[in-house]
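To keep things clear, I will list the structure first and then write my remarks on it.
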Amino acid sequence: MTPPELRDLLADALALWEIEARPRVAEGGVVLTSPDGAVLRVVAAAPGEHPVRWWLERPGQRRPCTSVLGLLRSLRNAVGAETGAVRRLTVARPDP
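First residue of the sequence shown: 13, per the working numbering; consecutive thereafter.
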């Protein structure tokens with residue numbers, strides 16, 4: 013995933029969580045400021061760091077993320093997004 017693609021994914025997730033933050037491509041990854049003012053940075057892991065795919069960095073902390081789901085969960089926690097009610101999609105046949 014390229015940094016612009018990652019930025020777009022994170023922007024969509026932040027909008028879904030109703031978090032006011034604008035991720036931007038910078039510093040070798042994607043950077044954003046969380047609602048509490050902390051600067052967060054997501055960077056791709058080096059090839060030798062696998063299974064880690066990305067690092068979520070904030071002041072004094074560097075968290076490994078091995079999947080897109082792990083990255084989004086870590087980001088959601090870092091920005092303090094409400095988890096709220098679980099949203100589920102169901103597939104049903106239309107009424108005849």
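C-beta atoms are modelled at their ideal positions from N, C-alpha and C, and glycine is treated no differently.
Ordered along the chain, which non-local residues of its own chain (more than five positions away) have a Cβ less than 7 Å from that of alanine 50? As a position in the sequence shown, residue 50 is number 38, starting the count at 1. So the list reads Arg70, Pro71, once near-sequence residues are dropped.
So, arginine 53 versus valine 37, is the Cβ gap smaller than 8 Å? In the sequence shown, counting from the first residue as 1, residue 53 sits at position 41. In the sequence shown, counting from the first residue as 1, residue 37 sits at position 25. No, Cβ-Cβ distance for arginine 53 and valine 37 is not below 8 Å.
Where do the N-terminal and C-terminal ends of the beta strand (DSSP E) with leucine 53 fall, by residue? Residue mapping note: residue 53 aligns to position 41 of the sequence shown, counting from 1. Checking the displayed sequence, the identity of residue 53 turns out to be arginine instead of leucine. First-last of the beta strand (DSSP E) with arginine 53: 51-56.
Whose C-alpha, out of Glu94, Trp66, Ile31, is nearest the C-alpha of glycine 41? For this step, residue 41 is matched to residue 29 along the sequence shown. Looking at the Cα atoms, Trp66 is the closest of the given residues.
Among the residues of its own chain, which have a CB less than 7 Å from the CB of proline 16, if the five just before and after it don't count? Position 4 of the sequence shown, counting from 1, holds the residue named residue 16. So the list reads Val37, once near-sequence residues are dropped.
Euclidean distance between Cα positions of alanine 57 and leucine 68: Within the sequence shown, numbered from 1, the residue matching residue 57 stands at position 45. Within the sequence shown, numbered from 1, the residue matching residue 68 stands at position 56. Going by the C-alpha atoms only, they are around 10 Å apart.
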